[in-house]
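For the sequence shown, my numbering gives the first residue as 9, with consecutive numbering after it. Where is the CB? At the ideal position from N, CA and C, for every residue including glycine. To start, the structure under review is shown below, and the notes come after it.
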Amino acid sequence: MLLTRHCARELAVFALPPAELAVHPIEGEGRHELFLMCDDISATVEALTIEGAVFSEPISNEGWGLLTSMTLPGGVELGLYEPRPPTTLA
């Protein structure tokens, strides 16, 4: 973690592994979503389930990737996906 000053405020900046950002056009009111990306969704779901994660959706093929969702403490949903075709990071 790096503490830095920006606009007269201290901010915590965290290093992250490689990531992708996608912006999709939609009709109507906008929204934002955060997804974790993995190489093998079945293995990742199995490993996280063993550690106590609760998945609220079965794995589904959305065309752009395999997708599921886990419920975090407090009821917040966090998506997990395996990109199809492989990511631009490959």
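C-beta atoms of residue i and residue j nearer than 8 Å
i, j, result
"Ile34", "Tyr89", "no"
"Leu29", "Gly87", "no"
"Thr79", "Ser64", "yes"
Segment limits, beta strand (DSSP E) that includes residue i
i, result
"Glu85", "85 to 91"
"Val62", "62 to 69"
"Leu44", "43 to 45"
Cβ distance (whole Å) where residue i is taken to contact residue j below 8 Å
i, j, result
"Glu85", "Ser77", "5 Å"
Residue i versus the options, residue with shortest Cα-Cα distance
i, options, result
"Leu75", "Cys46, Val31, Gly83", "Cys46"
"Pro25", "Ala55, Leu44, Pro81, Gly82", "Leu44"
8 Å CB neighbourhood of residue i in its chain, flanking five on each side removed
i, result
"Thr57", "Phe63"
"Arg92", "Asn69, Gly71, Trp72, Gly73, Leu74"
"Gly83", "none"
Spatial neighbours of residue i in its chain, beta-carbon cut-off 6 Å, leaving aside the 5 residues before and after
i, result
"Ala61", "Met78"
N-terminal and C-terminal residue of the alpha helix (DSSP H) that residue i is part of
i, result
"Leu74", "Taken as a continuous stretch (DSSP letters only), Leu74 belongs to no alpha helix (DSSP H), being part of the beta strand (DSSP E) at 73 to 79."
"Ala55", "49 to 58"
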